[in-house]
Structures are given as C-alpha cells and as structure tokens.
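Numbering (the working numbering), first residue to last: 43 to 242.
Backbone N, C-alpha and C fix where the C-beta goes; we use that ideal spot for every residue, glycine too.
It should be emphasised that the depicted structure is a prediction, and the values quoted were computed from it without experimental measurement.
Since the structure comes first, as structure tokens, the remarks are kept for the end.
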Ligand SMILES: CC(C)(COP(=O)(O)OP(=O)(O)OC[C@H]1O[C@@H](n2cnc3c(N)ncnc32)[C@H](O)[C@@H]1OP(=O)(O)O)[C@@H](O)C(=O)NCCC(=O)NCCS
C-alpha cells in the first residue's frame, strides 16, 4: 500500500493511478445527472473530454501539485474499484502555519451511504500522519446542512463565522469555518523534514 493511501471499512482514499481510467470515465458518465443542490458541482464532462489523454493530463497535473507540496487530490473508491467521489487537501501553507484547506464531494448517485464521512476521516489521517499538517480548515456555507452534519460527525470544531471568505459561483460568500487539528484526532504533530523555517 502506498504511503498516500488509506483503506477503511467501505472506501479507499488514494491518488488516482493510470489503471483508474475506466473507473474515472464510468463515474463521470454516471453522474451526468442533474445537480441535487447548489454545492453539487460536477465539472461537466462528456464523451469529448473523457478520453485517456484527458485522464493522463489530470494525473500529471495532480502529480505536479503533490511534488510542489501545494495540493493533494485523492479519489474515494469503493473496494470494487468504483470511483464515488474525491477529497482534496488544498493550498498547503507550511512554515509556522502547517495548515491546508479541505474540500470534499461524493458523486450524487452515492449520497447518504456513509462514503463522505469515512472518506474525509481517512483523508484527515493522511493529512496529519503523512503530510504532517497540523490543521485543516473546511469553510462551509451556513445552509449546506449535509456538509455541516458531516463535519460535525467527524469531529471538526466550529471556529467561527467568516464573512466573504471564498469567491464561489461568481461572488464572495460567507462561510462557517470548521477546523480539525491533529491533536484533536489523537495524532501528535511532527514537523515534516523541509527547508529551514524562516526566522522573524
Ligand atoms: C456533503 C457530502 C460530501 C456528503 O456525502 P455523503 O457520502 O452523502 O455523506 P455521508 O453518507 O457520509 O453522511 C455524512 C453525514 O451527512 C448527513 N446526511 C447524510 N445523508 C443526509 C441527508 N439525506 N440529509 C441530511 N443529512 C444527511 C448525516 O448527518 C451523516 O452523518 P451520520 O451518518 O452521522 O448521520 C455530499 O452530499 C456532497 O458531495 N455534496 C455536494 C458537495 C459539497 O457540499 N461538498 C462540501 C462543500 S463544503
């Protein structure tokens, strides 16, 4: 098992591999359904951008982002290989912050089966144990009840209300800020071997 992989009871969280092409294509074909709410954003893909070369381009972009320690995209897979969603650890800030932004989604034909909760939990373990982050932030729109339930169920703590925090759907939106810290999940923060910290 790769260092960047976690296996749960229902799902596996890991970066895409070349051999996931068929699963990726099938997932995008099966979610060409109507969005179920305004957060259910699916990058529109059809036969014309579901080719092997499109997938390989995504793979190499994701690898570059990992190599730059900037952005980690993980697929959420069932044990039979079906791709059911994704979780991303974005905009990593090192030095004295050791923080990243968390994003997650489950394709809407798989909602309500516990995949989101388990997938995000496994991603937290990857973030704290493998990427050695200390803190993950999830900014959630106050009316996104499903996502708020998920964050609370996992153990995220509400840290506050952040006005005009993210630019989404063409405007600056208020977010409830939920935070997960490594120690709250029983994981002692250990620094990543990296360039010397800047001294102030
Ligand atoms: C939010 C999202 C990831 C949840 O994924 P999911 O796999 O359906 O969630 P789970 O089945 O793991 O359920 C997680 C929690 O959500 C809540 N939930 C599940 N189904 C629900 C429903 N039909 N109505 C309301 N809440 C529900 C439950 O509280 C559940 O926790 P519990 O099992 O302790 O009761 C998914 O709905 C999604 O991708 N939404 C669109 C994108 C999005 O909103 N992303 C987050 C942006 S901040």
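So, helix, strand or coil for residue i, using DSSP?
i	result
residue 204	strand
residue 215	strand
residue 105	helix
residue 47	coil
residue 83	coil
residue 130	strand
residue 136	coil
What separation, rounded to the nearest whole angstrom, lies between the Cα atoms of residue i and residue j?
i	j	result
residue 76	residue 82	9 Å
residue 159	residue 153	10 Å
residue 95	residue 62	13 Å
residue 222	residue 191	14 Å
residue 182	residue 55	22 Å
residue 111	residue 80	30 Å
residue 185	residue 204	14 Å
residue 68	residue 118	14 Å
residue 188	residue 109	33 Å
Measure the CB-CB distance between residue i and residue j and report whether it falls below 8 Å.
i	j	result
residue 219	residue 208	no
residue 126	residue 116	no
residue 92	residue 70	yes
residue 162	residue 196	yes
residue 122	residue 73	no
residue 174	residue 105	no
residue 172	residue 45	yes
Sorted by chain position, which residues of the same chain lie with C-beta nearer than 7 Å to residue i's C-beta, five sequence neighbours on each side aside?
i	result
residue 180	144, 193, 198, 220
residue 156	52
residue 243	Nothing in the structure corresponds to residue 243, since the chain is present only between 43 and 242.
residue 167	48
Would you grab the beta carbon distance between residue i and residue j for me? Rounded to a whole angstrom, and I think it's under 8 Å.
i	j	result
residue 224	residue 149	Contact flag wrong, Cβ pair sits at about 29 Å.
Cutting at 6 Å between CB atoms, please list the residues of its own chain near residue i, excluding the five before and the five after it.
i	result
residue 141	135, 177
residue 164	48, 50, 55
residue 107	113
residue 202	219
Taking CB distances under 8 Å as the criterion, tell me whether residue i reaches chain B.
i	result
residue 119	Looking for chain B here will not work: only one protein chain is present.
Near residue i, which residues of its chain fall below 8 Å by C-beta distance, leaving aside the five closest residues on each side in sequence?
i	result
residue 78	150, 153
residue 227	166, 167, 170, 197
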